[in-house]
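Visitor: Sharing a structure here in structure tokens format.
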Amino acid sequence: MKYRVEYTTYAVRQLKKLDKGILSFIISYIDTKLVGCENPRLFGKALRGSMNDKWRYMVGNYRILAKIDDGLVTITIVEVGHRSDIYE
5 MKYRVEYTTY AVRQLKKLDK GILSFIISYI DTKLVGCENP RLFGKALRGS
55 MNDKWRYMVG NYRILAKIDD GLVTITIVEV GHRSDIYE
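Here the numbering used here = 1-based position in the sequence shown + 4.
This is the structure:
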């Protein structure tokens, strides 16, 4: 089954704040690695602690935090931001 990608409104707001070069880099990563993939866990890493329901994808110095729903076959992008402040 191929996964589809959805964005929360918070993630869309964070993406709009980024520079165009970084934004295109992150969007191309999402389009090539996550959209239509069969196993999104190959590219990311499961988070621990209070964020244990999320997965992390590293894109340069930026991070994409997402929730994977196998029942609905969706990847919901929850947050996007610089690695220094994404986990706060």
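Even glycine gets a Cβ: it sits at the ideal position worked out from N, Cα and C. Keep in mind it's a predicted model, so treat the numbers as computed, not measured.
Quick check on this structure: which residue in S32, G64, L51 and T80 has the alpha carbon closest to the alpha carbon of Y7?
Guide: Minimum Cα distance to Y7 is reached at T80.
Visitor: Consult DSSP for G53 and reduce its assignment to one of helix, strand or coil.
Guide: The answer is helix: DSSP assigns G53 an H, G or I state.
Visitor: Spell out the partners DSSP gives A70 in its beta bridges.
Guide: Its beta-bridge partners are W59 and I81.
Visitor: How is the beta strand (DSSP E) around Y11 delimited, first residue to last?
Guide: Unbroken beta strand (DSSP E) run through Y11: R8 to Y11.
Visitor: What do you get for R45, buried or exposed, if any count of 16 or more other CB atoms within 10 angstroms of its CB means buried?
Guide: That one is exposed.
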